[in-house]
Amino acid sequence: MGLIDSHAHLTFPELVDQVAEVLQRAREAGVERVITVATDLADARRAVDLAERHPDRIDVAAGFHPHEAGQVTDETFSAMAALWAHPKVVALGEMGLDYHYDFADRALQRSVFGRQLTEAAARVEPIVVHCREALDDTIRILLEHGFERRPVVFHCFTGSAEEAARIAGHGWRISFTGVVTFKKSDALRDVARAYPAEHLMIETDAPYLSPEPVRGRRPNEPAFLAHTARCLAELRGGPFAELAEQTARNTREFFEL
Numbered sequence: 123m124g125l126i127d128s129h130a131h132l133t134f135p136e137l138v139d140q141v142a143e144v145l146q147r148a149r150e151a152g153v154e155r156v157i158t159v160a161t162d163l164a165d166a167r168r169a170v171d172l173a174e175r176h177p178d179r180i181d182v183a184a185g186f187h188p189h190e191a192g193q194v195t196d197e198t199f200s201a202m203a204a205l206w207a208h209p210k211v212v213a214l215g216e217m218g219l220d221y222h223y224d225f226a227d228r229a230l231q232r233s234v235f236g237r238q239l240t241e242a243a244a245r246v247e248p249i250v251v252h253c254r255e256a257l258d259d260t261i262r263i264l265l266e267h268g269f270e271r272r273p274v275v276f277h278c279f280t281g282s283a284e285e286a287a288r289i290a291g292h293g294w295r296i297s298f299t300g301v302v303t304f305k306k307s308d309a310l311r312d313v314a315r316a317y318p319a320e321h322l323m324i325e326t327d328a329p330y331l332s333p334e335p336v337r338g339r340r341p342n343e344p345a346f347l348a349h350t351a352r353c354l355a356e357l358r359g360g361p362f363a364e365l366a367e368q369t370a371r372n373t374r375e376f377f378e379l
């Protein structure tokens, strides 16, 4: 069983013109499947098109990223909700809150996040959450919309052990990127070392966050997931093949691939 990149952006400009080559390099590195994550309606349509052209290699998560909250209209929201019914869409998001960059008004971010969750509440697909410096509001909004103990993953987790425990306390998961390989990520490695094996998932967030030892390479791509997996296997004191199989199994089960 090969690795699965649970969160990448194959439709972003750095990768979209070389997807076939990216997928080939991924396969050579032992990465068999990629979930490409869309951040607005146009991006979601591109992602679905890619998945239709590579049905055995690509699945899609689609939603409105908090950075895009200011661009959401009734028309684009309805179109996104309709796209969620596409068979290649296996998750909703990424959606959530970003109080670091504040590219969109915070109240508007909360409104768009809640609106997506209202629509998603009647569906069964998991939720992919973007949360940056906004954990309290993110948890509150998820709970207000009935997502306690439902399948939710906080992608690209870089927080503390206490924050990881708060998320786990509601039955939700976190996933790890190449940040866990960075030299100054000791606290995050402590979280990853103790994280339950049956919930462990990994991602690239490509084209961003290239892991060591290719941290200077741009763009990041799914093939580099193998570096993160090797780091985690060493960190957790087990064989690489075992970690690869476990994370792939977890990802398949979570997204019902």
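Under my numbering, the first residue of the sequence shown is numbered 123, with each subsequent residue one higher. Note that the Cβ used here is the ideal one computed from N, Cα and C, for glycine as well. None of the values given here were measured: they were computed from a predicted structure.
May I have the straight-line CA-CA distance separating residue i from residue j, to the nearest angstrom?
{"i": "residue 228", "j": "residue 198", "result": "20 angstroms"}
{"i": "residue 180", "j": "residue 156", "result": "5 angstroms"}
{"i": "residue 254", "j": "residue 220", "result": "5 angstroms"}
{"i": "residue 272", "j": "residue 248", "result": "8 angstroms"}
{"i": "residue 349", "j": "residue 300", "result": "8 angstroms"}
{"i": "residue 130", "j": "residue 324", "result": "11 angstroms"}
{"i": "residue 337", "j": "residue 328", "result": "12 angstroms"}
{"i": "residue 283", "j": "residue 311", "result": "10 angstroms"}
{"i": "residue 189", "j": "residue 161", "result": "8 angstroms"}
{"i": "residue 308", "j": "residue 360", "result": "19 angstroms"}
{"i": "residue 153", "j": "residue 358", "result": "20 angstroms"}
{"i": "residue 167", "j": "residue 159", "result": "11 angstroms"}
{"i": "residue 339", "j": "residue 332", "result": "6 angstroms"}
{"i": "residue 268", "j": "residue 243", "result": "7 angstroms"}
{"i": "residue 124", "j": "residue 225", "result": "37 angstroms"}
{"i": "residue 241", "j": "residue 367", "result": "34 angstroms"}
{"i": "residue 342", "j": "residue 186", "result": "22 angstroms"}
{"i": "residue 139", "j": "residue 264", "result": "36 angstroms"}
So, with DSSP's three-state summary, where would you put residue i?
{"i": "residue 252", "result": "strand"}
{"i": "residue 247", "result": "coil"}
{"i": "residue 185", "result": "coil"}
{"i": "residue 274", "result": "strand"}
{"i": "residue 207", "result": "coil"}
{"i": "residue 327", "result": "coil"}
{"i": "residue 380", "result": "Not covered by the structure: residue 380. The range shown for the chain is 123 to 379."}
{"i": "residue 265", "result": "helix"}
{"i": "residue 131", "result": "coil"}
{"i": "residue 279", "result": "coil"}
{"i": "residue 240", "result": "helix"}
{"i": "residue 259", "result": "helix"}
{"i": "residue 295", "result": "strand"}
{"i": "residue 218", "result": "strand"}
{"i": "residue 379", "result": "coil"}
{"i": "residue 322", "result": "coil"}
Leaving out the 5 sequence neighbours to the left and right, which residues in its chain are closer than 8 angstroms to residue i when beta-carbon positions are compared?
{"i": "residue 210", "result": "170, 173, 174, 177, 180, 181 and 182"}
{"i": "residue 286", "result": "279, 296, 313 and 317"}
{"i": "residue 345", "result": "144, 147, 148, 150, 151 and 153"}
Going by DSSP, what residue range makes up the alpha helix (DSSP H) through residue i?
{"i": "residue 137", "result": "135 to 138"}
{"i": "residue 313", "result": "308 to 316"}
{"i": "residue 146", "result": "141 to 150"}
{"i": "residue 168", "result": "163 to 175"}
{"i": "residue 355", "result": "347 to 358"}
Quick one: residues in its chain with C-beta nearer than 6 angstroms to the C-beta of residue i, no 5 flanking neighbours on either side, listed in chain order?
{"i": "residue 222", "result": "254 and 255"}
{"i": "residue 276", "result": "251, 253, 289 and 296"}
{"i": "residue 262", "result": "none"}
{"i": "residue 293", "result": "271"}
{"i": "residue 126", "result": "155, 370 and 373"}
Would you decide whether residue i is buried or exposed? Buried here means 16 or more other CB atoms lie within 10 Å of its CB.
{"i": "residue 232", "result": "buried"}
{"i": "residue 103", "result": "There is simply no residue 103 to check, as the chain begins at 123 and stops at 379 in what is shown."}
{"i": "residue 246", "result": "exposed"}
{"i": "residue 165", "result": "buried"}
{"i": "residue 420", "result": "For residue 420 there is no data in the structure shown, the boundaries of the chain being 123 and 379."}
{"i": "residue 320", "result": "exposed"}
{"i": "residue 303", "result": "buried"}
{"i": "residue 195", "result": "exposed"}
Can you give me the Cβ contacts of residue i inside the same chain, cut-off strictly under 7 angstroms, excluding the 5 residues immediately before and after it?
{"i": "residue 128", "result": "157, 297, 323, 324, 325 and 373"}
{"i": "residue 259", "result": "219 and 232"}
{"i": "residue 230", "result": "191 and 192"}
Got a sec: is the Cβ-Cβ distance from residue i to anything in chain C below 8 angstroms?
{"i": "residue 181", "result": "The structure shown has no chain C; it contains just one protein chain."}
Got a sec, what are the start and stop residues for the beta strand (DSSP E) residue i sits in?
{"i": "residue 154", "result": "153 to 160"}
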